[in-house]
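Enquirer: The structure follows.
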Amino acid sequence: DNTLHSAQKMSRCRVTALFLLLLHCASLLVSSYSAYSSVTPQNHPSNLHCTSTNPLSCSKKRLNSPRLPKHASKMPFYSQPPPPSSCRSPSALHSQSPSSTTSSPTSDSDPLPGRLTMVGAGPGDPDLLTVAAVRAISDPDALVISDRLVSPEILAEVKGEVRVANKNPGCAEQAQNEIYSWCLGGLAEGRHVVRLKIGDPFVFGRGGEEVLRFREMGVEPSVIPGVSAVFAAPLLGGIPVTHRGVANQVVMCTGYGRNGTSPDLIRYHEEQTVVFVMAVGRLRELAKNLISMADYPPSTRVAIVEQAGNPGQRTVKGDLSDIAEVAERENVRPPSTIVVGGVVDVLL
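Just so we're on the same page, our numbering is the position in the sequence shown counted from 1, plus 66.
Following this line, the structure appears as structure tokens:
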């Protein structure tokens with residue numbers, strides 16, 4: 067009997083303990099539900115900056131994520147990180163427009179209401195602008211988006227708003243993305259966007275690449291050719307690129323290939339002129355490669371026309387064996403055009 071009584075008593079204790087445990091769990095569930103239900107959609111943990119492992123202890127500061135237009139999924143420049151501070155461009159040089167803010171289209175199917183004109187600025191002298199170019203940049207309502215090397219004298223002719231991209235070394239890609247963003251904003255506002263580029267936009271000027279990108283935006287730009295520095299800069303410096311008995315062919319070349327590589331070089335020909343643009347930054351390497359890889363005699367004459375058509379224009383001469391030292395000594399800087407061949411000494 068005593069054994070049976072003890073067993074019954076133990077069973078009642080176990081039931082009581084189990085009941086108390088269940089009651090405690092139910093209390094915890096009710097407490098958690100009450101705490102969670104107090105979090106409204108405006109301060110829900112998924113919308114907060116969390117600095118704790120407990121989402122309910124987060125600060126109620128909302129995330130500040132900019133909303134991108136629906137076009138963003140098709141436009142890679144929207145996904146680019148902001149450029150470092152050393153690559154950022156001033157938003158505008160001067161403005162006569164009522165608003166300098168940019169907006170974006172609100173629908174994939176909505177055409178951009180603005181229009182776009184690509185303009186060649188020539189080598190730098192405003193007198194060498196075409197009549198069509200002057201007409202475009204003189205539009206007081208235009209948003210003119212310019213490359214860094216367009217001369218101040220030409221920018222002074224602009225009547226509307228000007229924005230200059232900072233295409234310094236190391237900043238080219240960030241600046242190009244900034245240009246596309248500025249163009250898109252102006253077009254979305256219904257403005258006349260003028261894309262102003264030094265020389266001729268389609269002679270080592272990335273003009274074709276920009277046309278293809280603008281077409282992705284749904285815009286077909288009109289094009290105003292410019293006087294190319296390839297031919298104008300040498301002549302402004304007193305050097306003809308051809309001359310009977312001296313040079314009967316001309317080769318145009320850039321100092322930088324795609325992704326910063328060195329371009330292929332044409333083999334030496336006695337009656338050949340080679341004109342290099344955007345090459346002064348790697349002049350020493352270029353001269354060395356012409357001698358060692360393209361069979362140019364070290365005595366081949368070279369001239370550099372710096373700031374052609376601008377008040378600071380000058381011509382520096384040498385030959386392949388010493389032109390790099392001459393350029394360093396004279397502190398030659400872009401924009402400069404390099405001429406290689408016998409024509410260097412024809413008129414000078």
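Where a beta carbon is used, it is the ideal one built from N, C-alpha and C, also for glycine.
All figures in this text were calculated on a predicted structure; none of them were measured in a lab.
Suppose only complete runs of 3+ residues qualify. What are the beta strand (DSSP E) ranges in the segment 208-293, listed by chain order?
Expert: Those beta strand (DSSP E) runs which fall completely within the segment 208-293 and span 3+ residues are 208-212, 227-230, 258-263, 288-290.
Enquirer: Does DSSP classify Arg333 as helix, strand or coil?
Expert: If DSSP states are grouped into helix, strand and coil, Arg333 belongs with coil.
Enquirer: I need the boundaries of the alpha helix (DSSP H) containing Ser358, first residue and last residue.
Expert: From DSSP, the alpha helix (DSSP H) with Ser358 extends over 349-358.
Enquirer: Identify the residues that DSSP records as bridge partners of Gln338: which are they?
Expert: DSSP lists Gln315 as partners of Gln338.
Enquirer: Residues in the same chain with beta-carbon distance under 8 Å from Val412, minus the five sequence neighbours each way, listed in chain order, please.
Expert: Hits under 8 Å: Ile305, Pro306, His309, Val312.
Enquirer: Considering only C-alpha positions, which residue in the set Cys237, Cys249, Phe280, Pro329 is nearest to Phe270?
Expert: The shortest Cα separation from Phe270 among Cys237, Cys249, Phe280, Pro329 belongs to Pro329.
Enquirer: Mapping DSSP to helix, strand and coil, what is Ile404?
Expert: The answer is strand: DSSP assigns Ile404 an E or B state.
Enquirer: Rounded to whole angstroms, what is the Cα-Cα separation between Thr339 and Leu195?
Expert: Their Cα atoms are separated by approximately 26 Å.
Enquirer: The alpha helix (DSSP H) spanning Leu182 covers which residue range?
Expert: Element bounds for Leu182: not the alpha helix (DSSP H) but the beta strand (DSSP E), 181-186.
Enquirer: Excluding the five sequence neighbours on either side, which residues of its own chain have a C-beta within less than 7 Å of the C-beta of Ser294, listed in chain order?
Expert: Only Gly265, Asp266, Val269 meet the Cβ criterion.
Enquirer: Out of Cys249, Val260, Val289, Thr403, which has the shortest C-alpha to C-alpha gap to Glu282?
Expert: Among Cys249, Val260, Val289, Thr403, the Cα nearest to that of Glu282 belongs to Cys249.
Enquirer: Taking just the CA atoms, how far does Pro189 sit from Leu253?
Expert: Straight-line Cα distance between these residues: approximately 27 Å.
Enquirer: Within 10 angstroms of its Cβ, does Ala208 collect 16 or more other Cβ (buried), or is it exposed?
Expert: By the neighbour-count rule (16 or more Cβ atoms within 10 Å), Ala208 is buried.
Enquirer: For the candidate residues Arg229, Ser212, His258, whose alpha-carbon lies nearest to that of Gly273?
Expert: The shortest C-alpha separation from Gly273 is found at Ser212.
Enquirer: Throw me the rounded Cβ distance for the Val405 and Val392 pair, which I believe falls under 8 Å.
Expert: Between Val392 and Val405 the Cβ distance is about 14 Å, and since that is not below 8 Å, they are no contact.
Enquirer: Answer yes or no: do Gly347 and Val368 have a C-beta to C-beta separation smaller than 8 Å?
Expert: No, these two residues do not count as a Cβ contact at 8 Å.
Enquirer: Considering only DSSP beta bridges, list what Ile370 is partnered with.
Expert: Note: Ile370 sits in a beta bridge opposite Val382, Ile404.
Enquirer: Which partner residues does Thr320 have in the DSSP bridge list?
Expert: BP columns for Thr320 point to Val343.
Enquirer: Since Ile389 is in the alpha helix (DSSP H), which residue starts that stretch and which ends it?
Expert: Here the alpha helix (DSSP H) through Ile389 covers 389-395.
Enquirer: Counting along the chain, where does the alpha helix (DSSP H) carrying Arg471 start and finish?
Expert: In this structure the chain extends from 67 to 414, so residue 471 is not present and cannot be described.
Enquirer: Would you tell me roughly how many angstroms separate the C-alpha atoms of Ser366 and Asn376, rounded to the nearest one?
Expert: Per the sequence shown, residue 366 should be read as Thr rather than Ser. Their Cα atoms are separated by approximately 27 Å.
Enquirer: I'd like the list of long-range same chain contacts for Leu302, defined as Cβ closer than 6 Å, with 5 residues on each side in sequence excluded.
Expert: Excluding residues within five positions, the ones whose Cβ falls inside 6 Å are Ala374, Gly375.
Enquirer: In whole angstroms, what is the alpha-carbon distance linking Gly256 and Glu276?
Expert: Taking the straight line from one Cα to the other gives about 19 Å.
Enquirer: To the nearest angstrom, how far is the alpha carbon of His335 from that of Tyr322?
Expert: Taking the straight line from one Cα to the other gives about 22 Å.
Enquirer: Which one of Glu219, Leu262, Lys354 has the shortest CA to CA distance from Pro363?
Expert: The option with the nearest alpha carbon to Pro363 is Lys354.
Enquirer: Given this structure, state the Cα-to-Cα distance separating Val228 from Glu351, to the nearest angstrom.
Expert: So the two alpha carbons sit approximately 36 Å from each other.
Enquirer: In whole angstroms, what is the alpha-carbon distance linking Val210 and Val296?
Expert: Looking at the two C-alpha atoms, the distance is approximately 24 Å.
Enquirer: With respect to the alpha helix (DSSP H) encompassing Leu301, which residues constitute its N-terminal and C-terminal limits?
Expert: Counting along the chain, the alpha helix (DSSP H) containing Leu301 begins and ends at 295-302.
Enquirer: Exposed or buried, which one is Met344 when buried takes at least 16 other CB atoms within 10 Å?
Expert: Flag for Met344 reads buried.
Enquirer: Ignore the nearest five residues each way along the sequence and tell me which others in Ala299's own chain have a CB closer than 6 Å to its CB.
Expert: Same-chain partners within the cutoff: Pro189, Val371, Ala374, Thr403.
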